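Student:
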Amino acid sequence: MLLTRLLNACHHFPGFVYTGARLDETTNTIEITVRPRSGSKPVCSGCGKPAPGYDTLSERRFEFIPIWGFAVVLLYCMRRVACRACGVKVEEVPWGIGKHTLTRAYMLYLAHWAKKLSWLETARSFHTSWEKVCHAVEYVVQWGLEHRQLGPIRAIGVDEIAYGRGHNYLTLVYQIEAGCVRLLWVGRERTEESFEKFFTLIGKELAEKIEFVCSDMWKPYLKLIAKHCTNALNILDRFHVVAKMNLAIDEVRAGETRRMVQDGYEPVL
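Taking the working numbering, the leading residue of the sequence shown gets 156, the next gets one more, and so forth.
1. Looking at the structure shown, is Trp-298 part of a helix, part of a strand, or coil, going by DSSP?
2. Helix, strand or coil for Met-156 per DSSP?
3. Going by alpha carbons, who is nearest to Glu-344 out of Gly-358, Tyr-376, Leu-356 and Cys-369?
4. Do you know whose CA, among Glu-332, Val-328, Ala-333 and Cys-335, lies nearest Gly-342's CA?
5. Out of Arg-192, Thr-174 and Ser-195, which one is the CA nearest neighbour of Glu-186?
6. Glu-247 and Cys-199 look like a contact to me (Cβ under 8 Å); what is the Cβ gap, rounded to whole Å?
7. By Cβ distance below 8 Å, which residues in the same chain neighbour Val-431 in space, the five residues on each side in sequence not counted?
8. Can you tell which of Arg-234, Lys-196 and Pro-197 has the C-alpha that lies nearest to the C-alpha of Ser-213?
9. Does the beta-carbon distance from Asp-405 to Ser-370 come in below 8 Å?
10. Give the C-beta separation of Leu-379 and Glu-411 to the nearest angstrom, bearing in mind that I take them to be a contact with Cβ-Cβ under 8 Å.
11. Evaluate Met-156 with the Cβ neighbour count: other Cβ atoms within 10 Å of its Cβ, from every protein chain shown; 16 or more gives buried, anything less gives exposed.
12. In the structure shown, what three-state DSSP assignment does Cys-165 receive?
13. Is Cys-335 buried or exposed, if buried means 16 or more other CB atoms sit within 10 Å of its CB?
14. Express the C-alpha separation of Ala-403 and Tyr-294 in angstroms, rounding to a whole number.
15. Relative to the C-alpha of Thr-193, which candidate in Arg-279, Tyr-261 and Pro-169 has its C-alpha closest?
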């Protein structure tokens with residue numbers, strides 16, 4: 156079976172055809188030529204509507220998902236359109252995004268592996284650069300944010316993680332429900348001002364419908380949870396509860412020790 160037939164089966168782009176594939180042995184790259192289908196109209200990148208062709212630009216290279224250890228590149232001469240609404244614009248192609256050299260499919264592929272490996276290891280494994288893996292992850296995250304539906308939310312977890320050197324923290328808010336565990340929000344620092352931005356994001360209506368909140372005993376968290384999640388049960392992390400209890404016991408023990416010494420007794424605690 157020809158490689159172009161495999162690509163048509165897996166990644167078919169309406170209005171375009173794969174016309175040939177060749178191996179560049181100097182770079183170990185499979186180069187696949189793409190042409191517009193006869194009679195198809197280019198699509199304006201400004202408004203997304205079909206428009207008459209204006210001219211054709213020089214050939215562009217789009218990095219595609221590697222096959223059998225070989226890098227794969229799509230070769231295509233971009234067309235410009237004469238759009239009535241937008242003027243002369245470069246066409247929109249279904250496999251690419253603006254001036255990105257990576258195809259959508261390749262960005263999704265890299266972002267998927269970047270969840271399992273470090274960005275550097277992902278880049279090494281697929282013979283690309285760290286920067287391109289970063290661009291792929293940014294694209295997927297941005298797409299997810301634009302298409303995310305926040306509600307309804309019944310249970311959330313609030314925690315912080317340290318990063319870098321010194322006391323630098325990020326506040327994380329997760330949705331923690333059966334069948335739906337996801338990161339909802341990340342904010343710099345663990346202050347009231349920072350955490351307030353999360354409740355601004357979800358709004359009063361969603362906040363009041365939250366039934367359970369899991370958190371530690373950090374006062375800014377407790378204050379804002381009580382303020383915004385008025386109908387929620389705040390479940391405290393047992394590690395922090397035990398830590399506070401042990402601290403209280405230590406204070407009592409130290410006080411009793413001082414009292415016994417003052418009374419002339421030898422402390423036994």
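All C-beta atoms in this analysis are idealised placements derived from N, C-alpha and C, irrespective of residue type, glycine included. Just so it is clear, the structure is predicted and the values come from calculations on it, not from any experiment.
Tutor: Short version:
1. helix
2. Low confidence applies to Met-156: its pLDDT is 46, below 50, so where it sits in the model is not reliable, and the reading given next is rough at best. Reduced to three states, the DSSP call for Met-156 is coil.
3. Tyr-376
4. Val-328
5. Thr-174
6. 7 Å
7. Since the first residue shown for the chain is 156 and the last is 424, residue 431 is missing from the structure and cannot be characterised.
8. Arg-234
9. no
10. That belief does not hold up - the Cβ atoms of Leu-379 and Glu-411 are roughly 37 Å apart, past 8 Å.
11. Note that Met-156 scores 46 on pLDDT, short of 50, meaning its location in the model is unreliable; the coordinates nonetheless yield the value given after this. Per the 10 Å Cβ criterion, exposed.
12. helix
13. exposed
14. 49 Å
15. It should be noted that the sequence gives Ser, not Thr, for residue 193. Out of Arg-279, Tyr-261 and Pro-169, Pro-169 has the C-alpha closest to the C-alpha of Ser-193.
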